[in-house]
Amino acid sequence: MRLFICEKPSQAADIAKHVGARQSGNGCRTGDGVTVTWCIGHLLEQSPPEHYNPELKVWSMDHLPVLPATWHMDVKPKTQSQFQVVSKLLKSASEVVIATDADREGEVIAREVMQLCGYRGPVKRLWLGALDDASIRKALAKMLPGEKTRPLYESGLGRARADWLAGMNLTMALTKTFGSGGKGGVVHCGRVQTPVLGLVVRRERAIRNFVPKPYFVLKTIWEISGSPVPMNWQTQADKLDKDGHCVDEAYIRSVAQKINGKMGRLVSVERDDKHELAPLLYSLGSLQKEASARYGMGAKAVLDLAQALYEKHKATTYPRSDCEHLPMSMLAEASQVCEAIKQADPKMTSLVAKADLSKPSRAFNDQKITAHHAIIPTTNTAVRLADMSANERLLYDLIRRRYLAQFLGVYKYQETRIQGSCENELFAATGRVPLVQGWKLAYLDLQEAAAAAKAKSKAKTTDDGEETPKDQALPDVKVGQQMINRKAEVSKTQTQPPKRYTEGTLIAAMESVDKEIDDPRLKKVMQNKEKAGIGTDATRGATLDGLFKRGYFDKAGKFIVPTARGEQLIEVVEQAVPHMADPVLTALWEDHLSKVEDGSLPLATFESQLGTWLKGQIEKIKQLGASNPKPSALQGERSSAVAKNSTQKPMEASKATHACPACGKAMRQRQGASGAFWGCTGYPDCKTTLPDAGGKPGAKTSPAPQVAVKAPVMQSSTTPKCTACGKPTLLRQSARGPFYGCSGYPACKNIMPGKP
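Numbering (the numbering used here), first residue to last: -12 to 743.
The following block contains the structure:
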């Protein structure tokens, strides 16, 4: 019997009809000599630490780290019955076809079950780019030999084990050392959660340490061809500071005075016809970002709504997708999708009529398909908006508009750029005039509603705090034409601190975490589509939800703020295991796992290196715990509530002012995991810290001996000094070979070529 193992029931149903498995059975579909069964995501999970050491039912530093010699998996209680089905079928299978998602995780889901059940027979791989009929037929005709994709399993297993080793061992160690261990007193540490918390905490520090700088703006309005035209003063470069602001009030007021009411001439008029392509279709991540920006929806809420649209209403396709494209074969279904959109909401009829299905957008691209295609409306004509909740309708509306936009053509406009001169000063303006609305037709009513709401509230920013673009229609003008100044007003303003994250902008930061990495090679690793970012589209919402539930995040309106508990956790981690708060750890692991995937690094070697690293981290945590008190906000229910509800800032600044010895800016007193200390308000440009000495900054002291942080490190008897800061370096090993990393990390992230 040929056995197909799919990742989920819906996937199995799609494949079963193409292999003749039309009879429904218990947890499977059967046919002549063929059976199609399914997992429900992962049927198995890693065994807990106490499986390897029963004494760890009560956590103790004496038994850490836990480094399994032989790994063991447990069947998830919720999927026990389906596991039994798959296990029984594997015993009678003559050949297995792995038909899970075409990625690293899909490979693990199938093979970990095959491994536990002891299957040793022939294996083939059905590599599916999409689940439409044409894509399935094509994949069935070109199945891969099982050994070709086994390295994906090895690397996926490596990542799962690395997450377990780091998460379990460091959570137990940090909890025993700095937490209470009771309810709410667990100090969580993991590869995904901790760097995400670190992003938010570091942003909060930057906001708190921010010192606003005043500058001046000249606002002018000119009469041109009888119309008022706002124009921007083109300040001379030598009159601007490094941030591009004019800080010389006397100078800017003198300019305003000399042009007030004066006549000038247009010296430049340029016109260009331009266009904008339709935005790509939604992945889960882009849908979460859009729903956050437009409606303030949380990431987990968006996933739940999208899941309901998929499962309950059959209105949209599979939601846990990281893809923004469709296979070309799905173009044949476009008319059916459009018909379903009309049937669900007759108000969409006129917009659907404008769609030209013969001219699809760039979203249709076979080369861009991952394990799933983009989220789009289904062909189901029985969808009823009346059966949906208000938020479900909002999300469905976004998805259907984005789909229709793919067939409405490009947006075309004429851009006019003018420049005028008055009293030897230059002024400029840019205007846009729509020529062809194209895909923007799908959003005209939303734009009009947003414009009305903005006018009513006089808002100056969009939902996520970005500056709103100013599109103005300029009059028909030509070079040499007269312009008369009608307004020249100087206003004083100041620089603004970084914006706090919303759930949408934090997901964007998680996706593009390569921007936080300095090493060009590791940055490139994290730009790989499958390996990019912290977490995945399917897990990022749950990660944020967990940080809220565990008391590390709180909400200030639509913005995310860290609680005192969250801040103190990061302060502890930065001292004890700094790599866990830094996204570079994910990049380092992915670098090693890529080598596991291509067969150049044995999985056992990677696990051994990780074990060596963990031993060093556990020892360092012990040393820190022996010399530092337990942070109050990590001590369970009471401290968690205080952290959440207290009006006191976790790192409240002292009002006393003391100059930073490095840059001269003010120092402020902070409260860290080791007690009070003083930090420069110029952070992050200046990272100077000083110990607290009776409420004042003390002298800089030599750091106490510490266990070197390695991730993982190849030992060497002699290493060169860091070329950036002069500190000792450590010889590290990556997928590309050895390199020297500065021991001053993370303050110094310099790397140098290692020994050949």
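Ideal Cβ positions, reconstructed from N, Cα and C, are used throughout, including at glycine. Bear in mind the structure is a predicted one, so any value in this text is a computation, not a measurement.
Just confirm the distance between the C-beta atoms of residue i and residue j, as a whole number of angstroms; I'd bet it's less than 8 angstroms.
i: GLY528; j: LYS287; result: 4 angstroms
i: GLY538; j: THR530; result: At roughly 15 angstroms, the Cβ-Cβ gap does not stay under 8 angstroms, so GLY538 and THR530 are not in contact.
i: ILE85; j: GLU94; result: 7 angstroms
i: VAL134; j: SER279; result: Per the sequence shown, the amino acid found at residue 134 is Glu instead of Val. In fact, because the Cβ distance is near 43 angstroms, the residues do not count as touching under 8 angstroms.
i: LEU534; j: VAL289; result: 16 angstroms between Cβ atoms; not a contact.
i: CYS650; j: CYS673; result: 5 angstroms
Cβ atoms of residue j and residue i: under 8 angstroms apart, would you say?
i: GLY177; j: GLY154; result: yes
i: LEU103; j: THR24; result: no
i: ARG252; j: THR403; result: no
i: LEU118; j: ASP1; result: yes
i: VAL477; j: PHE197; result: no
i: MET218; j: ALA415; result: yes
i: GLU141; j: VAL583; result: yes
i: LEU753; j: ALA321; result: Residue 753 lies beyond the range of the chain shown here (-12 to 743); nothing can be said about it.
i: LYS63; j: GLU32; result: yes
i: GLY14; j: VAL72; result: yes
i: TYR39; j: PRO52; result: no
i: PRO570; j: VAL466; result: no
i: ASP374; j: HIS300; result: yes
i: GLU82; j: ARG(-11); result: yes
i: LEU127; j: LEU139; result: no
i: THR365; j: ALA331; result: no
i: PRO199; j: GLN481; result: yes
i: MET567; j: THR181; result: yes
i: LEU274; j: ALA295; result: no
Ordered along the chain, which non-local residues of its own chain (more than five positions away) have a Cβ less than 7 angstroms from that of residue i?
i: LYS226; result: CYS233, ASP235 and TYR238
i: PRO347; result: LEU318, GLN393 and PHE394
i: GLY425; result: LEU395, GLY396, VAL397, TYR398 and LYS399
i: VAL188; result: PRO549, GLY553, GLU554 and ILE557
Thinking C-alpha only, which one of the options is nearest residue i?
i: GLN67; options: HIS38, TYR39 and ILE27; result: ILE27
i: VAL216; options: VAL464, VAL83 and ILE123; result: VAL464
i: PHE593; options: ASP578, ILE605 and GLN481; result: ASP578
i: TRP209; options: GLN294, THR368, LEU161 and GLN406; result: GLN406
i: ALA160; options: THR668, LEU274, GLN401 and HIS50; result: HIS50
i: ALA369; options: VAL420, ALA302 and VAL339; result: ALA302
i: LEU385; options: LEU372, TYR430, VAL423 and THR357; result: TYR430
i: VAL564; options: CYS709, ALA224 and GLN610; result: GLN610
i: GLY185; options: MET497, ALA591, TYR727 and LEU127; result: MET497
i: PHE351; options: LYS135, PRO266 and LEU271; result: PRO266
i: ARG195; options: LYS542, GLN483 and VAL289; result: GLN483
i: THR357; options: ASP524, MET48, LEU30 and ARG655; result: ASP524
i: TRP151; options: PRO306, ALA293, LYS602 and SER34; result: SER34
i: ARG349; options: PHE535, MET567, LEU264 and ARG137; result: LEU264
i: LYS249; options: GLN469, ARG380, PRO109 and ALA439; result: GLN469
i: PRO462; options: ALA438, VAL420 and ASP432; result: VAL420
i: LEU271; options: SER214, THR222 and TYR383; result: TYR383
i: TRP58; options: SER376, PHE70 and GLU37; result: GLU37
i: ARG107; options: SER122, LEU131, LYS129 and SER79; result: SER79
i: PRO109; options: MET130, LEU115, ASP120 and ILE96; result: MET130
i: GLN434; options: SER214, LEU580 and ARG281; result: ARG281
Less than 8 angstroms between C-beta atoms, sequence neighbours within five positions excluded: which residues of the same chain meet that for residue i?
i: ILE246; result: THR207, CYS409, GLU410, GLU412, ASN472 and ALA475
i: ALA660; result: Low confidence applies to ALA660: its pLDDT is 43, below 50, so where it sits in the model is not reliable, and the reading given next is rough at best. Within the same chain, ALA660 has close Cβ partners PHE165, GLN555, GLU558, VAL559, GLN562, ASN615 and PRO618.
i: THR526; result: VAL179
i: ALA711; result: CYS729, CYS735 and ASN737
Might you give, ordered along the chain, the residues of its own chain that have their beta carbon closer than 6 angstroms to the beta carbon of residue i, omitting 5 neighbours on each side?
i: GLN(-2); result: none
i: THR164; result: ILE608 and GLY612
i: LYS447; result: Note on LYS447: pLDDT 45, under 50, position unreliable in the model; the coordinate value appears next. Closer than 6 angstroms at Cβ, skipping near neighbours: no residue.
i: GLY283; result: LYS545
i: ASP260; result: GLN401
i: THR336; result: LYS329
i: ALA3; result: ARG16 and VAL23
i: ALA243; result: LEU205, ALA475 and VAL477
i: PRO637; result: Low confidence applies to PRO637: its pLDDT is 35, below 50, so where it sits in the model is not reliable enough to give any reading.
i: PRO132; result: none
Would the C-beta of residue i count as close to the ligand PLP, meaning under 7 angstroms from any of its heavy atoms?
i: MET48; result: Questions concerning the ligand PLP fall outside what the structure shown contains, since it holds no ligand whatsoever.
Problem set entry | Entirely enclosed alpha helix (DSSP H) segments - the segment 368 to 430, minimum 4 residues | 377 to 392
Problem set entry | Uninterrupted beta strand (DSSP E) stretches inside the segment 247 to 280 (no shorter than 3 residues) | 250 to 263
Exercise. Residue ranges of each beta strand (DSSP E) run of no fewer than 3 residues wholly in the segment 67 to 118, ordered along the chain?
Worked result: 82 to 86 and 110 to 112
Exercise. Mind pulling the alpha helix (DSSP H) runs of 4 or more residues that sit fully within the segment 218 to 251?
Worked result: 236 to 246
For this session: Return the chain-ordered ranges of every alpha helix (DSSP H) run that is complete within the segment 301 to 340 and spans a minimum of 4 residues.
Result: 321 to 331
Problem set entry | Inside the segment 458 to 512 only - beta strand (DSSP E) runs reaching at least 3 residues | 469 to 481
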